[in-house]
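Encoded as C-alpha coordinates, the structure appears first; notes follow it.
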Amino acid sequence: MQDPLVYLNGSMTPLSEARIPVLDRGFIFGDGVYEVIPIYGRRLFRSEHHLARLFRSLAKISITNPHDREQWLALIQGVIDAHPAHDQMVYIHVTRGVAKRGHAFPKEALAPTVFIMTNPLVLPSDALRASGVPCVSMEDQRWLHCEIKSISLLGNVLAAQNAAEHGVVEAIQFRDGWLTEASSSNVWIVKHGKLMAPPKDNLILEGIRYRLIEELCAAGGIPFEARRIAREEVFAADEVLLSSATKEVLPVVSIDGKAIGNGAPGPIYKQLYEAYQQAKAAA
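Just so we're on the same page, my numbering is the position in the sequence shown counted from 1, plus 1185.
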(Lines of atoms letter the chains of each structure in order from A and count residues from 1; the text may use other names and numbers.)
(Lines give C-alpha, C1' and ligand atoms only; values in the text may rest on other atoms or scores of the structure.)
Protein backbone atom coordinates (compact mmCIF):
# COMPACT_ATOMS: atom_id res chain seq x y z
CA MET A 1 0.00 0.00 0.00
CA GLN A 2 1.37 3.40 -1.00
CA ASP A 3 -0.53 5.32 1.67
CA PRO A 4 -1.92 2.94 4.31
CA LEU A 5 -4.50 3.94 6.87
CA VAL A 6 -3.16 4.51 10.38
CA TYR A 7 -4.77 5.34 13.71
CA LEU A 8 -3.94 8.67 15.36
CA ASN A 9 -5.77 10.08 18.39
CA GLY A 10 -9.21 8.73 17.64
CA SER A 11 -9.22 8.72 13.85
CA MET A 12 -8.16 6.52 10.97
CA THR A 13 -6.24 8.59 8.45
CA PRO A 14 -3.86 8.04 5.53
CA LEU A 15 -0.28 7.89 6.76
CA SER A 16 0.69 10.83 4.56
CA GLU A 17 -1.87 13.00 6.36
CA ALA A 18 -1.07 11.98 9.95
CA ARG A 19 0.19 14.98 11.95
CA ILE A 20 1.23 15.73 15.53
CA PRO A 21 1.94 19.15 17.10
CA VAL A 22 5.63 20.05 17.33
CA LEU A 23 5.24 20.45 21.11
CA ASP A 24 4.30 16.80 21.54
CA ARG A 25 6.64 15.57 24.27
CA GLY A 26 7.44 12.50 22.21
CA PHE A 27 8.87 14.76 19.51
CA ILE A 28 10.60 17.16 21.93
CA PHE A 29 11.92 14.72 24.55
CA GLY A 30 11.31 11.18 23.34
CA ASP A 31 8.87 11.06 26.28
CA GLY A 32 6.89 7.97 25.41
CA VAL A 33 6.88 4.23 24.88
CA TYR A 34 6.11 1.85 22.05
CA GLU A 35 5.23 -1.75 21.30
CA VAL A 36 5.53 -3.98 18.23
CA ILE A 37 3.23 -6.97 17.69
CA PRO A 38 3.65 -9.55 14.90
CA ILE A 39 0.56 -10.67 13.01
CA TYR A 40 0.48 -14.11 11.41
CA GLY A 41 -2.42 -14.96 9.15
CA ARG A 42 -4.13 -11.72 10.30
CA ARG A 43 -4.02 -13.00 13.92
CA LEU A 44 -2.12 -11.26 16.72
CA PHE A 45 0.71 -13.35 18.15
CA ARG A 46 1.00 -13.34 21.97
CA SER A 47 -0.99 -10.13 22.19
CA GLU A 48 -1.55 -10.54 25.93
CA HIS A 49 2.19 -10.48 26.55
CA HIS A 50 2.73 -7.49 24.26
CA LEU A 51 -0.07 -5.49 25.88
CA ALA A 52 1.20 -6.37 29.35
CA ARG A 53 4.64 -5.02 28.41
CA LEU A 54 3.07 -1.87 26.95
CA PHE A 55 1.12 -1.34 30.18
CA ARG A 56 4.29 -1.88 32.26
CA SER A 57 6.24 0.61 30.18
CA LEU A 58 3.49 3.23 30.51
CA ALA A 59 3.36 2.72 34.27
CA LYS A 60 7.16 2.94 34.60
CA ILE A 61 7.17 6.49 33.21
CA SER A 62 3.82 7.53 34.73
CA ILE A 63 1.83 7.94 31.53
CA THR A 64 -1.83 7.25 32.16
CA ASN A 65 -2.90 4.28 30.06
CA PRO A 66 -5.52 5.79 27.72
CA HIS A 67 -7.30 2.51 26.96
CA ASP A 68 -8.21 -0.78 28.58
CA ARG A 69 -7.27 -4.14 27.08
CA GLU A 70 -10.40 -4.54 24.97
CA GLN A 71 -10.17 -1.00 23.62
CA TRP A 72 -6.54 -1.54 22.63
CA LEU A 73 -7.38 -4.78 20.87
CA ALA A 74 -10.21 -3.11 18.96
CA LEU A 75 -7.97 -0.24 17.84
CA ILE A 76 -5.22 -2.61 16.76
CA GLN A 77 -7.68 -4.83 14.90
CA GLY A 78 -9.02 -1.81 13.03
CA VAL A 79 -5.56 -1.02 11.70
CA ILE A 80 -4.93 -4.66 10.78
CA ASP A 81 -8.25 -4.87 8.94
CA ALA A 82 -7.37 -1.77 6.88
CA HIS A 83 -4.21 -3.42 5.54
CA PRO A 84 -4.27 -6.22 2.95
CA ALA A 85 -1.12 -8.08 4.04
CA HIS A 86 -1.61 -11.57 5.42
CA ASP A 87 1.33 -11.22 7.84
CA GLN A 88 1.92 -7.81 9.41
CA MET A 89 3.94 -5.95 12.03
CA VAL A 90 1.83 -3.57 14.14
CA TYR A 91 3.61 -0.59 15.68
CA ILE A 92 2.02 1.17 18.71
CA HIS A 93 3.40 4.53 19.89
CA VAL A 94 2.20 6.41 22.98
CA THR A 95 3.60 9.74 24.20
CA ARG A 96 2.77 11.83 27.24
CA GLY A 97 1.03 14.36 24.99
CA VAL A 98 1.35 18.03 24.06
CA ALA A 99 2.55 20.66 26.52
CA LYS A 100 4.74 23.77 26.81
CA ARG A 101 8.37 22.70 26.68
CA GLY A 102 9.80 21.87 30.11
CA HIS A 103 11.74 18.84 31.23
CA ALA A 104 9.63 17.83 34.24
CA PHE A 105 6.21 16.29 33.76
CA PRO A 106 3.55 19.00 33.23
CA LYS A 107 1.38 19.62 36.27
CA GLU A 108 -1.77 19.68 34.19
CA ALA A 109 -3.30 16.43 32.99
CA LEU A 110 -2.42 15.68 29.37
CA ALA A 111 -4.16 13.54 26.79
CA PRO A 112 -1.58 10.97 25.62
CA THR A 113 -0.84 10.85 21.90
CA VAL A 114 -1.67 7.40 20.50
CA PHE A 115 -0.44 6.30 17.08
CA ILE A 116 -0.85 2.84 15.53
CA MET A 117 0.37 1.70 12.13
CA THR A 118 1.13 -1.60 10.44
CA ASN A 119 3.39 -2.84 7.66
CA PRO A 120 3.89 -6.17 5.93
CA LEU A 121 5.96 -8.51 8.10
CA VAL A 122 9.26 -9.33 6.39
CA LEU A 123 11.13 -12.24 7.98
CA PRO A 124 14.69 -13.46 7.29
CA SER A 125 14.99 -15.50 4.13
CA ASP A 126 15.52 -19.26 4.14
CA ALA A 127 18.97 -18.64 2.65
CA LEU A 128 19.92 -16.30 5.50
CA ARG A 129 18.71 -18.79 8.07
CA ALA A 130 20.67 -21.58 6.40
CA SER A 131 23.92 -19.58 6.36
CA GLY A 132 23.54 -17.75 9.68
CA VAL A 133 24.46 -14.12 10.21
CA PRO A 134 27.59 -12.17 11.19
CA CYS A 135 27.58 -9.64 14.04
CA VAL A 136 29.92 -7.11 15.59
CA SER A 137 30.54 -6.49 19.29
CA MET A 138 30.54 -3.14 21.08
CA GLU A 139 30.30 -1.54 24.49
CA ASP A 140 26.75 -0.94 25.70
CA GLN A 141 26.56 2.83 26.27
CA ARG A 142 22.80 3.18 26.71
CA TRP A 143 20.92 4.37 29.79
CA LEU A 144 20.13 2.14 32.77
CA HIS A 145 16.40 1.60 32.20
CA CYS A 146 16.55 -0.68 29.19
CA GLU A 147 13.58 -2.64 30.60
CA ILE A 148 11.33 0.23 29.46
CA LYS A 149 10.40 0.02 25.79
CA SER A 150 11.09 3.71 25.35
CA ILE A 151 10.84 5.68 22.11
CA SER A 152 14.13 7.32 23.18
CA LEU A 153 16.16 4.97 21.00
CA LEU A 154 19.28 6.96 20.09
CA GLY A 155 21.56 4.43 21.79
CA ASN A 156 19.96 1.61 19.84
CA VAL A 157 20.14 3.65 16.62
CA LEU A 158 23.87 4.18 17.09
CA ALA A 159 24.39 0.48 17.78
CA ALA A 160 22.42 -0.46 14.67
CA GLN A 161 24.45 2.05 12.64
CA ASN A 162 27.64 0.47 13.96
CA ALA A 163 26.41 -2.88 12.67
CA ALA A 164 25.49 -1.34 9.31
CA GLU A 165 28.90 0.26 8.94
CA HIS A 166 30.52 -3.13 9.56
CA GLY A 167 28.24 -4.79 7.02
CA VAL A 168 26.71 -7.16 9.59
CA VAL A 169 23.22 -7.89 10.88
CA GLU A 170 23.49 -6.87 14.54
CA ALA A 171 25.70 -5.22 17.17
CA ILE A 172 25.98 -7.42 20.26
CA GLN A 173 26.57 -5.25 23.31
CA PHE A 174 28.52 -5.74 26.51
CA ARG A 175 28.42 -3.63 29.66
CA ASP A 176 31.63 -3.84 31.69
CA GLY A 177 32.42 -7.18 30.09
CA TRP A 178 28.97 -8.73 30.55
CA LEU A 179 26.53 -9.56 27.75
CA THR A 180 23.41 -7.39 27.62
CA GLU A 181 21.59 -7.43 24.25
CA ALA A 182 21.89 -6.38 20.64
CA SER A 183 20.58 -3.14 19.12
CA SER A 184 17.09 -4.60 18.64
CA SER A 185 17.37 -8.25 19.68
CA ASN A 186 17.82 -10.40 22.74
CA VAL A 187 20.98 -12.54 22.63
CA TRP A 188 21.33 -16.18 23.70
CA ILE A 189 24.28 -18.55 23.91
CA VAL A 190 24.48 -22.32 23.85
CA LYS A 191 27.18 -24.39 25.55
CA HIS A 192 27.11 -28.18 25.84
CA GLY A 193 23.44 -28.28 24.92
CA LYS A 194 22.34 -25.67 27.48
CA LEU A 195 20.73 -22.39 26.41
CA MET A 196 21.67 -19.32 28.46
CA ALA A 197 20.60 -15.68 28.46
CA PRO A 198 21.28 -12.56 30.52
CA PRO A 199 18.87 -12.13 33.45
CA LYS A 200 15.68 -10.11 33.04
CA ASP A 201 16.77 -6.91 34.76
CA ASN A 202 17.06 -3.22 33.94
CA LEU A 203 19.98 -3.80 31.55
CA ILE A 204 17.92 -5.50 28.85
CA LEU A 205 14.48 -5.22 27.35
CA GLU A 206 12.68 -8.45 28.10
CA GLY A 207 11.63 -9.44 24.61
CA ILE A 208 8.33 -11.26 24.24
CA ARG A 209 10.36 -14.04 22.66
CA TYR A 210 12.36 -14.34 25.91
CA ARG A 211 9.41 -15.92 27.70
CA LEU A 212 8.38 -17.83 24.59
CA ILE A 213 11.84 -19.35 24.19
CA GLU A 214 11.84 -20.31 27.89
CA GLU A 215 8.56 -22.13 27.22
CA LEU A 216 9.93 -23.80 24.10
CA CYS A 217 12.98 -24.99 26.04
CA ALA A 218 10.81 -26.47 28.78
CA ALA A 219 8.61 -28.24 26.23
CA GLY A 220 11.57 -29.46 24.17
CA GLY A 221 13.78 -30.65 27.01
CA ILE A 222 16.46 -28.01 26.43
CA PRO A 223 18.19 -26.96 29.68
CA PHE A 224 17.93 -23.21 30.23
CA GLU A 225 19.66 -20.81 32.60
CA ALA A 226 19.32 -17.04 33.04
CA ARG A 227 22.52 -15.55 34.48
CA ARG A 228 25.24 -13.02 33.82
CA ILE A 229 27.30 -14.07 30.80
CA ALA A 230 30.89 -12.91 30.36
CA ARG A 231 32.19 -11.69 27.01
CA GLU A 232 34.61 -14.62 26.86
CA GLU A 233 31.73 -17.07 27.14
CA VAL A 234 29.98 -15.55 24.16
CA PHE A 235 33.00 -16.00 21.90
CA ALA A 236 33.55 -19.53 23.24
CA ALA A 237 29.90 -20.57 22.82
CA ASP A 238 28.83 -23.50 20.66
CA GLU A 239 25.98 -21.37 19.31
CA VAL A 240 24.82 -17.75 19.60
CA LEU A 241 21.23 -16.81 18.76
CA LEU A 242 19.29 -13.60 18.25
CA SER A 243 15.57 -13.25 18.91
CA SER A 244 13.10 -10.48 18.11
CA ALA A 245 9.67 -10.02 16.56
CA THR A 246 11.13 -9.58 13.07
CA LYS A 247 13.97 -12.12 13.40
CA GLU A 248 12.00 -14.73 15.39
CA VAL A 249 15.10 -16.87 16.17
CA LEU A 250 18.22 -16.35 14.08
CA PRO A 251 21.66 -18.04 14.30
CA VAL A 252 24.86 -15.99 14.66
CA VAL A 253 27.86 -17.64 13.00
CA SER A 254 30.53 -15.01 13.61
CA ILE A 255 31.24 -11.99 15.82
CA ASP A 256 33.98 -9.52 14.93
CA GLY A 257 35.01 -11.92 12.15
CA LYS A 258 35.58 -14.78 14.61
CA ALA A 259 33.59 -17.97 14.03
CA ILE A 260 31.08 -19.07 16.65
CA GLY A 261 31.24 -22.83 17.19
CA ASN A 262 31.80 -24.48 13.85
CA GLY A 263 30.68 -21.36 11.97
CA ALA A 264 27.28 -22.77 11.00
CA PRO A 265 23.76 -22.82 12.52
CA GLY A 266 23.62 -25.40 15.30
CA PRO A 267 21.15 -28.03 16.55
CA ILE A 268 19.64 -25.93 19.36
CA TYR A 269 18.85 -23.14 16.91
CA LYS A 270 17.19 -25.61 14.55
CA GLN A 271 15.13 -27.16 17.34
CA LEU A 272 13.99 -23.77 18.64
CA TYR A 273 13.19 -22.45 15.17
CA GLU A 274 10.98 -25.45 14.40
CA ALA A 275 9.27 -25.15 17.78
CA TYR A 276 8.71 -21.43 17.14
CA GLN A 277 6.98 -22.20 13.83
CA GLN A 278 4.74 -24.71 15.61
CA ALA A 279 3.85 -22.09 18.23
CA LYS A 280 2.89 -19.67 15.45
CA ALA A 281 0.70 -22.25 13.77
CA ALA A 282 -1.05 -23.05 17.05
CA ALA A 283 -1.71 -19.41 17.98
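Here a beta-carbon is modelled for each residue, glycine too, at the ideal position from N, C-alpha and C. All values reported here derive from a predicted model rather than from experimental measurement.
Three-state class that DSSP yields for residue i in the structure shown
i, result
"Ser1337", "coil"
"Arg1412", "coil"
"Ser1429", "strand"
"Gly1352", "coil"
"Ala1462", "The amino acid at residue 1462 is misidentified as Ala; the sequence shows Gln. It is helical."
"Ile1265", "helix"
"Trp1328", "coil"
"Gln1456", "helix"
"Asn1387", "coil"
"Val1434", "strand"
"Asp1311", "helix"
"Asn1394", "Just to set this straight, residue 1394 is Arg in the shown sequence, not Asn. It is helical."
"Glu1400", "helix"
"Phe1290", "coil"
"Ala1367", "strand"
"Leu1343", "helix"
"Leu1258", "helix"
"Ala1467", "helix"
"Val1419", "helix"
"Leu1200", "helix"
Alpha-carbon to alpha-carbon, residue j and residue i
i, j, result
"Gly1405", "Ala1468", "18 Å"
"Phe1149", "Ser1322", "Nothing in the structure corresponds to residue 1149, since the chain is present only between 1186 and 1468."
"Lys1379", "Glu1293", "52 Å"
"Ala1466", "Asp1216", "37 Å"
"Arg1241", "Leu1313", "34 Å"
"Glu1220", "Ile1414", "27 Å"
"Leu1390", "Met1381", "16 Å"
"Lys1385", "Lys1245", "16 Å"
"Ile1213", "Val1207", "7 Å"
"Ile1407", "Ile1393", "19 Å"
"Asp1311", "Pro1269", "24 Å"
"Gly1226", "Asp1361", "42 Å"
"Ser1196", "Glu1417", "51 Å"
"Met1274", "Ile1224", "6 Å"
"Cys1331", "Asn1387", "5 Å"
"Ile1248", "Ile1336", "13 Å"
"His1288", "Pro1319", "40 Å"
"Leu1239", "Leu1258", "12 Å"
"Lys1376", "Leu1260", "43 Å"
"Ser1368", "Ala1349", "11 Å"
"Glu1424", "Gln1358", "17 Å"
"Ile1222", "Leu1457", "20 Å"
"Arg1231", "Ser1201", "30 Å"
"Pro1199", "Glu1366", "35 Å"
"Lys1455", "His1234", "24 Å"
"Trp1363", "Val1191", "40 Å"
Burial state of residue i, where buried means 16 or more other Cβ atoms lie within 10 Å
i, result
"Asn1447", "exposed"
"Val1354", "buried"
"Glu1324", "exposed"
"Lys1334", "buried"
"Ala1422", "buried"
"Thr1298", "buried"
"His1271", "exposed"
"Leu1329", "exposed"
"Arg1228", "exposed"
"Arg1412", "exposed"
"Gly1211", "buried"
"Gly1317", "buried"
"Arg1204", "exposed"
"Gly1442", "exposed"
"Asp1188", "exposed"
"Glu1459", "exposed"
"Gly1352", "exposed"
"Ala1430", "buried"
"Ala1356", "buried"
Below-8 Å beta-carbon distance, residue i vs any chain E residue
i, result
"Val1375", "Note that chain E does not occur in the displayed structure, where there is just one protein chain."
With contact counted as at least three CB pairs below 8 Å, one residue from each stretch, are the segment 1429 to 1449 and the segment 1295 to 1302 in contact? With contact defined as three or more Cβ pairs closer than 8 Å, the segment 1429 to 1449 and the segment 1295 to 1302 are not in contact.
Counting only runs that start and end within the segment 1211 to 1255, where is the beta strand (DSSP E) found for 3 or more residues in a row? Listed in chain order, they are 1217 to 1225.
Is there contact between the segment 1278 to 1285 and the segment 1255 to 1266, where contact requires at least three CB pairs shorter than 8 Å? Proximity of the segment 1278 to 1285 to the segment 1255 to 1266 falls short of the contact definition, fewer than three beta-carbon pairs being nearer than 8 Å.
Contact the segment 1396 to 1403 vs the segment 1342 to 1357: 3+ CB pairs below 8 Å: Taking 8 Å as the limit for Cβ pairs, the verdict is that the segment 1342 to 1357 does not touch the segment 1396 to 1403.
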